[in-house]
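Below is one structure, written out as structure tokens; the observations come after it.
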Amino acid sequence: MKDFFWALKFLTTIPAGKRWCERQPTVGKVVFWFPIIGLLIGFMLTFIYIPATRFFPHLVADAIILIIYIVVTGGFHLDGFADTCDGIFGGSTRERRLGIMRDSQIGSYGALCLICTVGLKYICLVSIDPKSIAGLSFISDYKTINDLNPVYLYACEKGKVLLFMCAIGRWSQILGAALSNYARDEGGTGKIIIENVKIRHALFSSFVPGILIFLFCGIKGIFIFFIVFIIVIFFVSYIKKKIGGMTGDTLGALNELSELTVLLSFLVI
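Using the numbering used here, the first residue of the sequence shown is number 3, and each one after it goes up by one.
Here's what the structure looks like:
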């Protein structure tokens, strides 16, 4: 369980306890827990979301959940996404891009991309029709769905999207790390992950979220899983051309891109 608490400490602001994180972790075992940590975050958001829809309009409840999500994760991946956008769009050479990504101050590209990303996530959340999700779930009973209180139905089915989004975002980082080398000559946040994660880790870590996604969202969920897989391959290839490999920042950006892909896919598929 020590590897689980290492993953919890790395991906969230939830206290993991010092005694669980004393020894050096085995990276391959730690990343196995990434998608499961995502599922736990999704479950937590769902449990908060259900009562939130009782007291607030759906538009407000969706905003509350998005804010809580950012707080729980510490905005960790959003920070990486902003740094990646600043570097990729603001630099003309590999060295310049990596240098900009090292800068702790956010630039105009990063700020604009953050606003667009968070705004688009919110719009997607409020636009998703819960009944379209329920109708494609292999564990949903149509009569039960029709008999449910509309508010409860909305919260429970939207919870499936939150579970999917959080789990796939973390899984995409494992795949992205497995498909690339580390871009920098010196160390960084993502170096130990990118240098030690292999394809087998990505495959092994996909079993638990894959099964749950199939149960909750049926064939549609598996299809979206495949779309994210393609997006990861293209993103890693693009980043390699720009900076020669992946970094911790680009893994964070990949998480955000994958989460957006999930949300947008639920709207169009």
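Just so you know, even glycine gets a beta-carbon here, dropped at the ideal spot from N, CA and C.
Nothing here was measured: the structure is a model prediction, and the numbers come from that model.
Residue i in three-state terms, based on DSSP
i       : result
Met-103 : helix
Met-3   : coil
Asp-143 : Residue confidence is low: Asp-143 scores 44 on pLDDT, short of 50, so the model does not pin down where it sits. No coordinate-derived value is stated.
Leu-138 : Any answer about Leu-138 is weak, because its pLDDT of 45 lies below 50 and its placement is not dependable; what the coordinates show is given next. It is coil, neither helix nor strand.
First through last residue of the alpha helix (DSSP H) which encompasses residue i
i       : result
Trp-1   : With the chain covering only 3 through 271, there is no way to say anything about residue 1.
Arg-202 : 201-207
Ala-18  : Here Ala-18 belongs to no alpha helix (DSSP H), and DSSP marks it neither H nor E.
Leu-2   : Summary: the structure shown does not reach residue 2, with the chain confined to residues 3 through 271, and so no result is reported for it.
Asp-251 : 250-270
Asn-198 : 193-198
Cβ shell of residue i (< 7 Å), same chain only, five flanking positions each side left out
i       : result
Tyr-111 : Cys-87, Asp-88, Phe-91 and Gly-92
Val-230 : Ile-170, Ser-174, Ser-260, Thr-263 and Val-264
Gly-223 : Phe-166, Ile-215 and Phe-216
Same chain, Cβ closer than 6 Å to residue i, neighbours up to 5 away in sequence not counted
i      : result
Ile-67 : Leu-47 and Tyr-51
Same chain, Cβ closer than 8 Å to residue i, neighbours up to 5 away in sequence not counted
i      : result
Lys-31 : Asp-5
is_contact[residue i, chain D] using C-beta, thresh 8 Å
i       : result
Ile-226 : Among the chains in the structure shown there is no chain D, since it carries only a single protein chain.
Three CB pairs or more closer than 8 Å across the segment 160-169 and the segment 42-54
yes
Do the segment 91-110 and the segment 234-252 touch if we need at least three Cβ pairs shorter than 8 Å?
Yes, since at least three Cβ pairs between the segment 91-110 and the segment 234-252 fall closer than 8 Å, the two stretches touch.
Across the segment 171-178 and the segment 34-41, are there enough close Cβ pairs to call them in contact, namely three or more that are closer than 8 Å?
The segment 171-178 is in contact with the segment 34-41.
Is it the case that the segment 246-264 contacts the segment 73-82, given that we only count it when at least three CB pairs across the two stretches are under 8 Å?
Taking 8 Å as the limit for Cβ pairs, the verdict is that the segment 246-264 does touch the segment 73-82.
Segments of 3+ residues assigned as beta strand (DSSP E) that fall wholly inside the segment 67-106
none
Segment contact flag, the segment 53-69 with the segment 116-124, C-beta cutoff 8 Å, min 3 pairs:
yes
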